[in-house]
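Here is the structure we will look at.
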Amino acid sequence: MIVRILSAGVVGIEAAGVDVEVDGARVPDDGKPFTVVVGLPDKSVNESKERVRAAVENSGYDFPFMRITVNLAPADMKKEGPAYDLPIAVGVMATNHQIDPNAITRYAMVGELALDGRVRRISGALPIALALREKRVRTLILPEENAPEAAVADGIEIIPVGHLREVVGLINGTAPIEPYVVDLDKFFEEAEHPGMDFSDVRGQESAKRALVVAAAGGHNVLMVGNPGVGKSMLSKRLPTILPRMTLPEALETTKIYSVAGMVTKEKPLITQRPFRSPHHTISDAGIVGGGANPRPGEISLAHNGVLFLDEFPEFNRKTLEVMRQPLEDGTVTISRAAGSLTFPAKLMLVAAMNPCPCGYLGHPTKRCECTPRQIVGYRSKISGPLLDRIDIHLEVPAVDLKELSGERPGISSAEMFKQVQAARDVQTRRFKGAREGLHNNAGMNDKEVNKYAKLAPDVKSLLDGAMETLQLSARAYTRIRKIARTIADLAAAAEIGPEHITEAIAYRTLDRGGE
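Residues in the sequence shown are numbered consecutively from 0, following numbering that gives the first Met the number 0.
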């Protein structure tokens, strides 16, 4: 007889339905029983027949004495990972009626099996639950460790199981299991806030202002300053002023972490904007993603959050250059012989660097020992096209001793957050009904800049003069208008004024002419 069970597999950060078909045929008198898995399985899926056999027998059931063929359809989709263990085991047991084959049709299921029958957690539970919900599946059986994560997908019943025996009892109707339910509002209310605050940073008010502008518009930032001026301290506090995450953003971010196996039972929904800070020795695949079975890299793990690159010029030049396309498009495409996968990568890039190799160029008390050639060589590690994709170039000065030892605290994260959220709310209203995926000023294309960041004749004349004097690139012209639009939003101004464009120009100090 043939038994069909609905399951699902992950492709990139999305999931697709997979039909697990199990056929049990009688063994001829002169033959031997066997189990074969077909349907483009990888090695881990092909090995499932051994895990399934041990799990069934060690759970107290009989493994059928048959010639068993397991087909994973569609056959042209590569099947990866151990998540098909559970549906295969259930299908095999249904061929000799240890499980009611008619009752199976009410459920979809995924899960890895241990040799003793325990059901182990899998990666990608949230994308799987969302994909099956789209297929109008009513009930999903999956490991109890994955239940909180999958239950975030409202509209599909999640049944948590810890052992194969529980699955048998549920399907046969002898041991019902209550669905797992979560409170999404509670996750947002209980979102942990970092213990750091911008009030801890003495001085650097101009740098804080620039970070408010960056957070309000979603702009990339490069901070240049001597060692110890607070570049890392400022960057690590940036998440405290970023706008609140929406539910769609939280779901999309959690899908990435789910596929990467980084979602925990205690924190099944990512409700805080990510902050990723990889070391400068990271590889190309580590930053953008990759591998034989491509997985998200740091640039995707920072989706809807911040990617902080300290010691920016120390990163491999090739590693930095592969970021150019993701920074422009907000996606990462990884091509392999079997096909291409696309991961989201809409983020704020925050980079920090010294002004020279020794770090003390322009320092008020310490002498720089670098030659002009060394300084040019150090800065040229950041290419012009990459620099153009960073909206705000921020020079962070050394802090005066009086400010460091002063009693008066600086502006707090709470005050800065209010400014950022108010400006982002303006942008949300502005872009309502516009292009899908456009949520902030940094995401505007040239056509949208012309529409939403119009310049009066006197303001345009001011910008044109600066472009000619500073020899800014064509891309810098658009970036300045985007930044000016954000500064105007912070000031609750409907039109971009001279003061807004002047401040925006000040944030492009490292520009080079041309590409």
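No residue lacks a Cβ here, since even glycine has one placed at the ideal position from N, Cα and C.
Taken atom to atom, the span from the alpha-carbon of His302 to that of Val448 is near 23 Å. Separation of Ala150 and Leu183 (C-alpha to C-alpha, rounded to the nearest whole angstrom) is 9 Å. Under the criterion of beta carbons closer than 8 Å, Leu393 and Ala206 qualify as touching, at roughly 6 Å. When DSSP states are grouped into helix, strand and coil, Asp41 belongs to the coil group. If you draw a straight line from the Cα of Asp457 to the Cα of Pro325, it is about 35 Å long. For a cut-off of 8 Å, the C-beta gap from Arg132 to Gly116 is around 28 Å, too long to register as a contact. When the alpha-carbon of Gly23 is set against those of Ile67, Ser6, Val35 and Ser47, the nearest one is in Ile67.
Note on geometry: alpha-carbon atoms of Tyr60 and Arg164 lie some 9 Å from one another. Only exposed fits Glu177, as fewer than 16 other CB atoms lie within 10 angstroms of its CB. Listed in chain order, the non-local C-beta contacts of Asp99 below 7 Å within the same chain comprise Ile170 and Asn171, local neighbours out to five positions each way being set aside.
In the structure shown, the three-state DSSP call for Ala128 is helix. Closest in alpha carbon position to Asn219, among Val258, Ala174, Leu237 and Lys446, is Leu237. For Arg105, the closest C-alpha among the options Ala113, Gly38 and Val2 is that of Val2.
Only residues of its own chain outside the window of five on either side were considered, and among them Lys48 and Ile67 have a CB closer than 6 Å to the CB of Thr34, listed in chain order. For Ser339, the three-state secondary structure derived from DSSP is strand. DSSP lists Arg117 as the bridge partner or partners of His162. For Ile500, the closest alpha carbon among the candidates Leu461, Thr508 and Ala490 is that of Leu461. Taking 8 Å as the cut-off, the beta carbon of Val9 is found closer than this to the beta carbon of Ile127. The beta carbon of Ala152 sits closer than 6 Å to those of Ala128, Leu129 and Arg132, all from its chain and outside the five residues before and after it, given in chain order. Thr253 has its alpha-carbon roughly 10 Å from the corresponding atom of Leu246. Thr280 is classed as exposed because its beta carbon has fewer than 16 other beta carbons within 10 Å across all chains shown. When Gly288, Thr364, Met352 and Gly168 are compared, the shortest CA-CA separation from Ile381 is found for Met352. Remark: C-beta atoms of Leu360 and Ile298 do not approach each other more closely than 8 Å.
Counted as a single uninterrupted DSSP element, the beta strand (DSSP E) harbouring Asn70 occupies residues Arg66 to Ala72. The C-alpha of Glu435 lies about 32 Å from the C-alpha of Glu265.
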